[in-house]
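Read the structure below first, then the notes.
Residue numbers (the numbering used here): 1072 to 1568.
Laid out in structure tokens, this is it:
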């Protein structure tokens, strides 16, 4: 019997036919006019699905993880959760650059397997470069994984998940559909004042140690106008600093609408520089071979382009650079640095270094240390060489003991830290232009922002200053951060003068 409830009816002028099974409504209202009316079945609110993403690796992966969230938010209305236990969808966005990357993935998968057992509807997915390398092997080893997708197919996530739910079978798509994923992405949405913009995918350099060309495909550039529209849209949302991303970002060659002309990276920077609202431009990661004269000149001509550059060199020995198939010598690298600093005095550099590459002797390692001193690198990402299956370097004989490699790495990192500390100390008493990004994590009374040369500065300030560009005097230099005090006069409305 259907539950009913009492509802108040308005008077009606007609009665139902005698043979009707409809509720009889009198022509005159009853006193009180309360009639039994069947109740509509109560609709339960639809549960919002929650998404957990764990990201490994480079800034490209960070960007891709944001896009995974965007496509699932638009398609399924998911919300981000910080704990896998609360999630309806768990994604691992993986990196295969370092040693034992695959084992790390399976270890993390093992930690969430019990969640699948208690919640069979849970979707577990593996994306990124390990997914591209391993493909079906992930499903064979971890049968509880539902979807496997590559960096170029993350836009197909909603369809892969839907097919998994409908068929009950795991879905794998690690193809390289050119630049299709950007056409399928929802408009960029950000919270904050800085944003990444991916302008190209893949790599065609084929360094002997690197898996990226095999996991992300060959270099493919986004159309010039698409990039500009995304940056302009971000500026409309309040973004003030953009970082242009690519595996070899300065190899960008983007087709232009209504033209046969191809825009190079320097041209793209010149146009991004003119977008209203954008006050700072960064880019990563660059390759020395693509550092053209026009791009070097742009560092001097475009004030919004920060005087800080990440320029991976990997080693300071010419025989090792040749074995790595980097395509330049130490002298050529130094020449690029000299020209950059001539165009933009004060420019600081960070770099990547691989220690213990097959065949590296102590003398060759010392050449890398000399290059670090000569250039004065400020920061670095440095690692002991790890053999990557399928790369040419994997077949090279490697006789250097691991403990020797680790000792060299520690020496290299100590030198970089020493130079970074010297640069930080040289900033004491100087006034730096800071983009205020957020409250400080350590002190609720302080704000945090970055200098043009990528140093974090904490200083006392009101939350209303977040998102503004301020002048801050540096008062203290620590190992990883700086302390400062606001120099810019701030009005009651929060505007700086």
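Quick reminder that beta carbons are idealized off the backbone N, C-alpha and C, glycines included.
Helix, strand or coil at residue i according to DSSP, with G and I counted as helix
i	result
residue 1546	strand
residue 1342	helix
residue 1499	coil
residue 1285	helix
residue 1373	coil
residue 1484	helix
residue 1359	helix
residue 1256	coil
residue 1439	helix
residue 1540	strand
residue 1450	strand
residue 1489	helix
residue 1364	helix
residue 1124	strand
residue 1230	helix
residue 1463	helix
residue 1272	strand
residue 1472	coil
residue 1328	coil
residue 1134	helix
residue 1238	helix
residue 1244	strand
residue 1479	helix
residue 1434	helix
residue 1097	In this prediction, residue 1097 scores a pLDDT of 44, lower than 50, which makes its location untrustworthy; the coordinate-derived value is nonetheless stated afterwards. Residue 1097 falls in the coil class under three-state DSSP.
residue 1494	helix
residue 1535	helix
residue 1353	strand
residue 1444	helix
residue 1261	coil
residue 1314	strand
residue 1104	The predicted model places residue 1104 with a pLDDT of 45, which falls under 50 and marks its position as unreliable, so this point remains unresolved.
residue 1267	strand
residue 1504	strand
Residue i, enclosing beta strand (DSSP E) - first and last residue
i	result
residue 1321	Neither: residue 1321 is in no beta strand (DSSP E) and is coded neither H nor E.
residue 1220	1218–1220
residue 1224	Premise fails: residue 1224 is in no beta strand (DSSP E) and is neither H nor E.
residue 1297	Run containing residue 1297: none in the beta strand (DSSP E); it sits in the alpha helix (DSSP H), 1295–1307.
residue 1334	1333–1335
residue 1530	1527–1531
residue 1557	1552–1557
residue 1380	1379–1381
residue 1518	1517–1521
residue 1419	1419–1426
Heavy atom of the ligand SAH within 7 Å of residue i beta-carbon
i	result
residue 1174	This structure does not include the ligand SAH; it has no bound ligands of any sort.
Own chain, CB closer than 6 Å to residue i, minus 5 neighbours either side, in chain order
i	result
residue 1354	1315 and 1320
residue 1371	1414 and 1415
residue 1555	1528, 1530, 1543, 1544, 1545 and 1546
residue 1396	1278 and 1279
residue 1400	1389
residue 1312	1265, 1351 and 1506
residue 1431	1391
residue 1538	1264
residue 1398	1360
residue 1016	The shown model of the chain, from 1072 to 1568, leaves out residue 1016, and the question about it has no answer.
residue 1439	1386 and 1387
Proximal residues to residue i (C-beta, below 7 Å), its chain only, five neighbours per side dropped
i	result
residue 1124	1136, 1139, 1140, 1162 and 1164
residue 1207	1243
residue 1151	1122 and 1140
residue 1253	1293 and 1297
residue 1447	1490
residue 1213	1177 and 1180
residue 1210	1216, 1219, 1241 and 1243
residue 1404	1359 and 1384
The alpha helix (DSSP H) enclosing residue i, as first and last residue numbers
i	result
residue 1406	1401–1414
residue 1391	1389–1395
Same chain, Cβ closer than 8 Å to residue i, neighbours up to 5 away in sequence not counted
i	result
residue 1480	1426, 1427, 1453, 1454 and 1455
residue 1377	1351, 1352, 1353, 1523, 1524 and 1525
residue 1027	Any property of residue 1027 remains undetermined from this structure, which presents the chain solely from 1072 to 1568.
residue 1304	1258 and 1259
residue 1408	1382, 1420 and 1446
residue 1540	1311, 1350, 1504, 1505, 1506, 1507 and 1567
Which ranges does the alpha helix (DSSP H) cover as unbroken runs of at least 4 residues, wholly within the stretch 1136–1217, from first to last along the chain? At a cut-off of 4 residues, the continuous stretches assigned as alpha helix (DSSP H) that sit fully inside the stretch 1136–1217 are 1172–1189, 1200–1205 and 1207–1212.
Count the CB pairs spanning the stretch 1275–1284 and the stretch 1221–1238 that are closer than 8 Å, and state whether there are at least three. no
Taking 8 Å as the threshold, find out whether the stretch 1459–1468 comes into contact with the stretch 1494–1511 through three or more Cβ pairs. no
Are the stretch 1293–1305 and the stretch 1327–1342 touching by the rule of at least three beta carbon pairs closer than 8 Å? With a cut-off of 8 Å on Cβ pairs, the stretch 1293–1305 is in contact with the stretch 1327–1342, counting three or more such pairs.
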